[in-house]
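First up is the structure itself, then whatever we jot down about it.
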Amino acid sequence: MGTVLQYLDQEPFRFLLSFGAVLFLVLNLAAVLTMAERKVSGYIQLRYGPNRVGPRGLLQPAADVFKLFTKENVSPGRSDLWVFLGAPIAMFLPAAAVWLVIPFSPDAVIANINVAILFFIAITSIGALGVVMAGYGSRSTFSLLGALRGAAQMISYEVPLILSLLGVVMLSGSLSFVDVVAAQGDTFWTWYFLPLLPMFLTFYVSGIAEVKRVPFDLPEGESEIVGGFMIEYSGMTWALIQAAEFASMGLMSAITATLFLGGWQPPLPFLDLGAFNWIWFGFKTALIMFTFQWIRWSIPRLRMDQLMDLGWKVLVPITLIYLLIVAAAMLILQEVF
Amino acid sequence: MPQVGQGILKGMGVTLKHLFGQKITRQYPEYKRDLPERSRGMLTVDMDRCIACLQCMRICPDHCISIEQEKRDIDGSGKAKPYAVGFVIDDTRCMYCSLCVEVCPVNCIYHTEEFEAQAYNRLELARQFGERPVDPTVDPKPAVKTKKKPTGKEAPKTVERPRTGRDEAS
Amino acid sequence: MLGEQRPTEEEASALTEPATSRLMRPDVRDEFGLETIDMNMGPQHPAMHGLLRLILELDGETVVRCDPVMGYLHRCQEKIAENRMYPAVIPMTDRLDYFANMHNEHGYVLAVEDLLDIEVPPRAEYIRVLMCELMRLASHIPSIGFLMLELGAFTPILYAFRERERVQSIFEAVTGARMMFHYIRIGGVKADLPPEIPEQIWKFVENLEKNFKGDFVDLIEGNEIFISRTRGVGQLTQEKAVEMGLTGPPLRCTGVDFDIRIDYPYSVYPELTFDIVTDTAGDVEASYRVRIGECLQSIRIIKQCLEKIPEGAVMAELGRRIRPAEGEGFGRVESPRGEFAVHVVSDGSDTPYRVHYRDPSFVNMQLLQEIVPGHYLPDIMPIMGLVDPVSGGWDK
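Residue numbers (my numbering), protein chains in the order written: chain A, 20 to 356; chain B, 103 to 272; chain C, 317 to 712.
This is the structure in structure tokens:
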């Protein structure tokens with residue numbers, strides 16, 4: 020057994036296995052999230068979600084995936100086919116790739132690079148490109164509007180996203196996720212969401228905006244531009260875009276949990292589960308995903324100019340000012356840190 | 103410029119309260135509710151009582167009832183009375199207005215409590231009640247008898263009536 | 317509940333600037349070489365309140381021109397009514413504005429009773445008013461739900477439809493159908509209320525009064541996003557509203573207190589006490605407040621009806637045939653969307669010579685062409701929530 024594991028730990032196998040593991044995780048997460056979303060939305064709306072397929076509806080994602088596999092992938096006649104078909108891939112791969120650097124448990128991180136935060140920021144920026152490719156490649160007015168809105172929104176909200184990360188970097192002194200989690204300690208009052216509360220909220224709100232969920236789902240804008248940038252997609256191409264959206268929602272939740280809520284750290288020392296600390300990580304991620312869904316089904320969406328106002332005029336000043344406060348505090352209270 | 107504040111959080115509190123609240127949907131085929139007694143479902147005809155007066159055919163706004171009438175000696179009295187040898191109700195057209203039910207002098211056509219009208223073929227939904235099948239796709243002959251033909255003259259002369267209103271001056 | 321979040325004085329004065337001031341002048345646009353996009357928010361759309369086609373000319377996100385094209389649901393109701401007998405037209409009027417069926421029936425029946433000049437028994441009048449006010453509740457609450465649906469909040473509409481379902485079960489017990497009632501007849505109503513219904517209506521109304529705020533309004537009213545999306549959007553002035561011939565909540569939200577139930581009273585409304593709900597702001601948020609206020613006034617009217625309803629017959633003594641003399645009849649009612657009026661011309665036969673419906677959705681739709689230019693594309697949806705048209709209404 021030991022020699023098999025050692026053999027598999029060598030380079031080509033390790034890479035392939037981890038790639039496969041990540042894809043497996045992300046695709047299943049996307050499927051489970053669709054089901055969770057529909058059940059949560061059902062319960063909020065005083066109805067049961069899907070409860071016909073399988074026991075209590077748990078096989079619904081399987082039915083959905085089967086349906087989407089058998090559906091025709093329609094593309095508009097005058098669309099630019101390479102761009103049109105490349106867009107779902109450009110949206111999905113970044114969302115899947117960042118899972119490689121997230122620490123699930125003290126030793127369980129697939130790629131322990133020491134600039135993981137930078138990696139995360141760089142790769143999620145590609146998502147914006149995917150949106151523009153989808154809208155532009157469809158060659159339709161609604162998708163053009165959706166793509167332009169999506170590009171503006173995603174690029175604008177990357178600024179507060181990154182600025183709020185800087186607080187974490189300053190406090191932990193490292194760009195690596197593993198170090199950030201280790202620096203947060205195993206008591207919930209030392210996690211970073213308390214000293215960095217405005218940063219936490221900004222990161223959370225920018226995360227919702229990056230994933231394009233209500234109240235920031237104007238690129239998709241179901242009421243006016245029905246589908247926005249993804250209006251011309253159907254079948255498996257659409258499923259891939261949806262998987263990308265849910266995977267990035269999971270990703271944002273995971274990163275929020277890692278950076279601000281302590282990752283795999285237990286809230287109190289006696290609740291430490293050793294190698295099973297990924298349960299704590301999963302619990303925190305699930306909690307944040309639940310709040311994403313709760314917000315989605317409760318409030319209306321923002322209009323484009325209000326959205327940009329919020330990003331540039333509210334979130335950016337808050338993060339900049341708070342960065343100065345954190346820096347001043349670190350200087351004055353040097354003995355604490 | 104919106105700021106996250108009390109309003110949004112209060113709204114989210116309402117949705118959370120409903121999340122754990124009672125569901126208001128019913129699982130349909132397993133649960134069928136009791137319909138009130140005045141419910142108007144699909145129509146049915148008691149052919150033993152029908153006297154083929156054609157009132158229901160005339161009043162139906164959608165022309166969904168089609169009756170083929172014949173003079174026949176039913177009760178052995180020697181006199182040939184009208185008899186509905188073909189009677190079809192087209193469920194694809196019926197709008198459940200119950201005009202035919204109200205106008206029938208012998209109360210032979212009435213609403214049941216069924217409402218599940220589904221079929222694979224449109225003609226299956228045209229239910230035949232008589233001996234001879236009637237073609238439901240042919241519109242029954244126009245029902246109204248005393249319609250005046252258009253004479254090409256101008257519209258009828260109208261009568262001045264006082265209108266009640268807050269400003270009588272208008 | 318009402319008026320908790322009114323705009324302040326400075327905010328109100330800032331809103332009087334028309335939205336068209338945001339538009340770039342065409343010559344400036346040409347000078348810079350900018351073009352506008354022609355877009356079609358077509359008849360197939362999840363949020364068009366039916367089958368409405370909007371031909372839009374967009375300058376980026378700003379709407380330059382908005383032309384509604386109607387007719388995708390036209391069913392020739394006025395022409396068909398010329399070939400149907402007078403009582404047989406009533407189920408067709410049900411299907412005009414299918415969110416306010418009782419009012420449509422009431423309008424047509426008032427027109428025919430005007431032609432025939434008959435007296436309706438008082439119990440029938442009270443039942444008609446009771447049904448119409450319940451219908452108003454069942455129409456305004458989902459209207460607000462639809463407004464929120466188009467703004468992007470998917471839950472208030474389901475809470476709204478829960479209330480509508482309760483009203484519909486009352487209607488089913490009384491009339492036999494959940495939506496196309498065919499209950500108000502020429503000369504009265506079809507049948508008396510079943511004995512357990514007044515109790516049921518009391519319980520429903522009291523339950524609604526108690527839970528309306530906590531269950532439904534709290535989710536909407538203080539919500540900052542709702543306020544920022546609806547305050548100042550679709551700004552109407554009193555002069556413009558009267559000039560366009562608007563009626564109903566779009567008119568009353570500008571401050572004009574015109575309500576058919578008070579200004580041209582019909583049925584037993586003179587004996588009931590209620591207020592006209594107006595608001596001065598003239599935007600989408602004001603129309604929301606007017607609708608909520610009208611719900612509360614309807615609850616008040618329903619309670620008074622249940623207390624004051626007399627005993628007696630529910631149908632006048634008419635013959636079997638309804639064949640009015642030559643002449644015209646006109647009936648107008650206050651439907652949840654505005655003034656619904658019917659003009660019936662008779663030529664002495666069994667069927668009308670001409671029936672014309674003046675539907676409020678059709679007239680209030682002018683608002684879209686006049687008010688939308690200058691707003692952003694996402695603002696079209698709240699403005700449609702202000703008008704609250706129903707496609708059976710504008711298309712007949």
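Built from N, CA and C at the ideal position, the CB exists for glycine as well.
In this text the structure is predicted, and so the values were computed from the model without any measurement.
query	result
From Y185 (chain B) to A154 (chain B), what does the alpha carbon distance come to, in whole angstroms?	5 Å
In whole angstroms, what is the alpha-carbon distance linking T570 (chain C) and L702 (chain C)?	11 Å
Could one say the Cβ of S141 (chain B) lies closer than 7 Å to chain C's Cβ atoms, at least one of them?	yes
What residue range does the alpha helix (DSSP H) around Q284 (chain A) cover?	Neither: Q284 (chain A) is in no alpha helix (DSSP H) and is coded neither H nor E.
Please state the DSSP three-state secondary structure of N527 (chain C).	helix
If you drop the 5 nearest sequence neighbours on each side, which residues of the same chain put their C-beta closer than 7 Å to that of R494 (chain C)?	Q484, F487, E488
Is the beta carbon of V671 (chain C) less than 7 Å from the beta carbon of E394 (chain C)?	yes
Give every residue of the same chain whose Cβ lies closer than 7 Å to the Cβ of L509 (chain C), excluding the five residues on either side of it in the sequence, and list them in chain order.	I443, V490
Our contact map puts L535 (chain C) next to P472 (chain C) with C-beta atoms below 8 Å; I'd like the distance itself, whole angstroms only.	6 Å
State buried or exposed for W710 (chain C), treating a residue as buried only when at least 16 other CB atoms are found within 10 Å of its CB.	buried
Where DSSP assigns a beta bridge to D192 (chain B), which residues make up the other side?	B:A228
Counting only runs that start and end within the stretch 236-268 of chain A, where is the alpha helix (DSSP H) found for 4 or more residues in a row?	none
How big is the Cα-Cα spacing for G204 (chain A) and L48 (chain A)?	28 Å
Would you list the residues sitting across from E650 (chain C) in a DSSP beta bridge?	C:E655
Are the stretch 171-179 of chain A and the stretch 104-117 of chain A in contact at 8 Å, needing three or more beta carbon pairs?	no
Run the CB neighbour count on L432 (chain C), radius 10 Å, all protein chains shown included, and call it buried at 16 or more, exposed below.	buried
Starting from V379 (chain C), follow its DSSP beta bridges and name the residues at the other end.	C:L374
Under 9 Å between beta-carbons, which chain A residues line up against L474 (chain C)? List them in chain order, please.	I63, Q64, L65, R66
Helix, strand or coil: which one does DSSP assign to A154 (chain B)?	coil
Between F520 (chain C) and chain A, is any beta-carbon pair separated by less than 7 Å?	no
Can the beta-carbon of D192 (chain B) be found less than 7 Å from the beta-carbon of C158 (chain B)?	no
If P565 (chain C) sits next to R607 (chain C), beta carbons under 8 Å apart, how far is it from one beta carbon to the other, in whole angstroms?	6 Å
So is Q108 (chain B) buried or exposed if we call it buried at 16+ other beta carbons inside 10 Å?	exposed
Does DSSP classify Q353 (chain A) as helix, strand or coil?	coil
Thinking C-alpha only, which one of A:W316, A:R320, A:Y341 is nearest G115 (chain B)?	A:W316
Give every residue of the same chain whose Cβ lies closer than 8 Å to the Cβ of M401 (chain C), excluding the five residues on either side of it in the sequence, and list them in chain order.	I638, D666, T667
Quick check on the DSSP output: the beta strand (DSSP E) that includes V325 (chain A) runs from which residue to which?	The amino acid at residue 325 (chain A) is misidentified as Val; the sequence shows Gln. Premise fails: Q325 (chain A) lies in the alpha helix (DSSP H), 323-328, not in any beta strand (DSSP E).
In chain order, which continuous runs of the alpha helix (DSSP H) of length 4 or greater are located wholly inside the stretch 74-138 of chain A?	79-88, 100-116
What's the gap between the Cα of E56 (chain A) and the Cα of T553 (chain C)?	43 Å
Which of the three DSSP states is assigned to A245 (chain B) in this structure?	Since pLDDT at A245 (chain B) reaches only 49, below the 50 mark, its modelled position is unreliable, and the value read off the structure follows with that caveat. A245 (chain B): coil per DSSP, three-state reduction.
Identify whether S272 (chain A) lies in helix, strand or coil by the three-state DSSP scheme.	helix
In angstroms with no decimal places, state the Cα-to-Cα distance between G366 (chain C) and G387 (chain C).	11 Å
What is the rounded straight-line gap between the Cα of I592 (chain C) and the Cα of I318 (chain A)?	31 Å
Distance, Cα to Cα, V428 (chain C) vs F646 (chain C)?	8 Å
Closer than 9 Å, Cβ to any Cβ of chain B: which residues of the stretch 674-692 of chain C, in chain order?	none
Comparing the C-beta of M114 (chain B) with each C-beta of chain A, is any distance below 7 Å?	yes
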